[in-house]
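Using the working numbering, the letters of the sequence shown correspond one by one to residues 30 to 179. Note that the Cβ used here is the ideal one computed from N, Cα and C, for glycine as well. Below: the structure, in structure tokens.
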Amino acid sequence: MAENRDSLLAMFRETRADFLAAVAGLPEEKMVERSLEGWSLADHMNHVAVWDELRAADVERISAGFASAWKLSSEQDDVYNELTYAKRKDFSLAQVRWEFETSRRKLLDAIASATEMGMDASRYGEPGLVSRHEVEHAGWIRAWRLKAGL
Numbered sequence: 030m031a032e033n034r035d036s037l038l039a040m041f042r043e044t045r046a047d048f049l050a051a052v053a054g055l056p057e058e059k060m061v062e063r064s065l066e067g068w069s070l071a072d073h074m075n076h077v078a079v080w081d082e083l084r085a086a087d088v089e090r091i092s093a094g095f096a097s098a099w100k101l102s103s104e105q106d107d108v109y110n111e112l113t114y115a116k117r118k119d120f121s122l123a124q125v126r127w128e129f130e131t132s133r134r135k136l137l138d139a140i141a142s143a144t145e146m147g148m149d150a151s152r153y154g155e156p157g158l159v160s161r162h163e164v165e166h167a168g169w170i171r172a173w174r175l176k177a178g179l
């Protein structure tokens, strides 16, 4: 089923605005403190950026007429998340912010130029074309802030 390009772009812009609102006003030391079930807020940003990178690459790949490279089992998904966490957890906050911004820009650009095939959500594995995953992370951050009185 083909997705509506404008709606999809708007959804990704809205989920990013929601995430940024969840971390707004926090000092740098809180952004890198691993106090949210062992993850820092920067780790959450890195995680979202990884999946944006994969999604953008898959939009381009599928738009070119090829199969998704990311049809993962839940076990493979867990292993991939663990691997990318381990490889990115020591990034500086400046790099995390760059990765976060750059990966979303690449995703929006890929969607904006996607072919009809690239807009067909049924062709995607994990990460899917449509995702509210970032909203989940923003929700966890809001709950953490509430509990911590931030």
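Environment of residue i [buried if 16+ CB atoms lie within 10 Å]
i      : result
Leu83  : buried
Asn75  : buried
Thr144 : exposed
Arg134 : exposed
Trp80  : buried
Gly94  : exposed
Glu155 : buried
Trp127 : exposed
Leu179 : exposed
Asp107 : exposed
Ser36  : exposed
Opposing strand residues paired with residue i [DSSP bridges]
i     : result
Val68 : Looking at the sequence itself, residue 68 is Trp, so the reference to Val does not match. Looking at the DSSP assignment, Trp68 forms a beta bridge with Leu65.
Start-to-end residues for the alpha helix (DSSP H) that takes in residue i
i      : result
Arg134 : 122-141
Asp107 : 103-117
Lys100 : Premise fails: Lys100 is in no alpha helix (DSSP H) and is neither H nor E.
Glu165 : 162-177
CB-CB length for residue i against residue j, believed under 8 Å
i      : j      : result
His73  : His166 : 5 Å
Ala150 : Glu89  : 16 Å between Cβ atoms; not a contact.
Leu158 : Glu43  : In fact, because the Cβ distance is near 16 Å, the residues do not count as touching under 8 Å.
The segment 86-105 / the segment 46-56 touching (three or more Cβ pairs under 8 Å): no
Cβ contact check for the segment 56-63 and the segment 107-117: 3 or more pairs under 8 Å: no
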